[in-house]
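Worksheet: one structure, shown below.
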Amino acid sequence: MRRKVYTKDQILKAAYEVVENEGFSGFTARNIAKKMGISTQPIYLEFKNMQDLKNTLLDEICNHLYYDIFPAKRTGDTIIDLGLNYVYFAKERSNLYNALYVQEYGGGKKMHDFSYKYFHELIKKHPKYKNLGDEQINALHVGTWITVTGIATLMSSGIIEPTEDDIVHLINRSIDHILGTDDIAVLDKL
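Take the sequence shown: its letter number 62 is residue 72 in this note's numbering, and every next letter is one higher.
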């Protein structure tokens with residue numbers, strides 16, 4: 011009898027579905043195998059351990075965010091567009107958003123590092139922001155991250171329903187305040 015071979019991509023797809031439905035609290039070899047209707051053995055044949063699978067999955071998700079979700083143009087302002095895309099991702103994919111950015115065992119530092127790197131790349135390309143120093147870029151990242159994460163989390167849980175204009179206004183106020191005051195030193199410490 012011939013044995014069925016399970017590919018890395020099939021395992022990643024099942025792992026993604028588990029995380030999207032149950033968060034990282036349900037991210038176990040047993041749950042992923044159950045989703046696929048298999049034993050856990052094929053998972054450990056393709057991945058060294060569950061951390062390797064989690065890192066690979068997070069890399070795949072980051073690539074999806076990088077190429078498909080975050081670059082959507084909405085207003086022409088890099089920071090505002092990124093903020094809106096982040097907020098809409100949180101609203102439309104609230105379970106995945108919570109798993110990646112909110113839950114204790116989610117993406118954590120990896121998602122923060124990805125977001126910072128992405129933010130930094132965008133800032134350096136945009137004419138309005140390209141001459142900012144690292145201290146200002148760091149402050150903008152932290153300040154806008156706090157603003158959009160607050161909006162995203164409240165929207166994804168159904169607590170608030172701001173319009174796009176409201177969101178743009180809040181992000182703009184955050185940007186203007188950070189670039190126009192001494193808050194940079196405070197935000198740099200966060």
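Heads up, the beta-carbon is just placed ideally off N, CA and C, and yes, glycines get one too.
Throw me the rounded Cβ distance for the residue i and residue j pair, which I believe falls under 8 Å.
{"i": "Leu67", "j": "Leu106", "result": "The pair is not a contact, with the Cβ atoms about 11 Å apart (cut-off 8 Å)."}
{"i": "Ile185", "j": "Thr154", "result": "7 Å"}
{"i": "Ile133", "j": "Thr88", "result": "7 Å"}
{"i": "Val15", "j": "Ala109", "result": "So it is not a contact: roughly 29 Å between Cβ atoms."}
{"i": "Thr163", "j": "Val112", "result": "7 Å"}
Could you give the DSSP three-state label for residue i: helix, strand or coil?
{"i": "Ser49", "result": "coil"}
{"i": "Glu30", "result": "helix"}
{"i": "Thr159", "result": "helix"}
{"i": "Phe99", "result": "helix"}
{"i": "Lys83", "result": "coil"}
{"i": "Gly93", "result": "helix"}
{"i": "Lys170", "result": "Looking at the sequence itself, residue 170 is Ile, so the reference to Lys does not match. Looking at Ile170 - three-state DSSP - the assignment turns out to be coil, as it is neither helix nor strand."}
{"i": "Val15", "result": "coil"}
{"i": "Leu180", "result": "helix"}
{"i": "Ile194", "result": "Low confidence applies to Ile194: its pLDDT is 45, below 50, so where it sits in the model is not reliable enough to give any reading."}
{"i": "Asn105", "result": "helix"}
{"i": "Lys58", "result": "coil"}
{"i": "Thr38", "result": "coil"}
Do residue i and residue j have their C-beta atoms within less than 8 Å of each other?
{"i": "Ala25", "j": "Phe34", "result": "no"}
{"i": "Asn95", "j": "Ala82", "result": "yes"}
{"i": "Met165", "j": "Lys120", "result": "no"}
{"i": "Val158", "j": "Gly93", "result": "yes"}
{"i": "Ile156", "j": "Leu180", "result": "no"}
{"i": "Lys45", "j": "Glu27", "result": "yes"}
{"i": "Phe80", "j": "Tyr126", "result": "no"}
{"i": "Leu150", "j": "Ile188", "result": "yes"}
{"i": "Ile42", "j": "Ile53", "result": "yes"}
{"i": "Asn130", "j": "Ile147", "result": "As written in the sequence, residue 130 is His, which differs from the Asn given in the question. For His130 and Ile147, yes; Cβs fall inside 8 Å."}
Do we get a CB-CB distance below 8 Å when we pair residue i with the residues of chain B?
{"i": "Ile53", "result": "Considering every chain present, this structure includes no chain B. It has just one protein chain."}
Return the chain-ordered ranges of every alpha helix (DSSP H) run that is complete within the stretch 112-163 and spans a minimum of 4 residues. Runs of the alpha helix (DSSP H) inside the stretch 112-163: 118-135.
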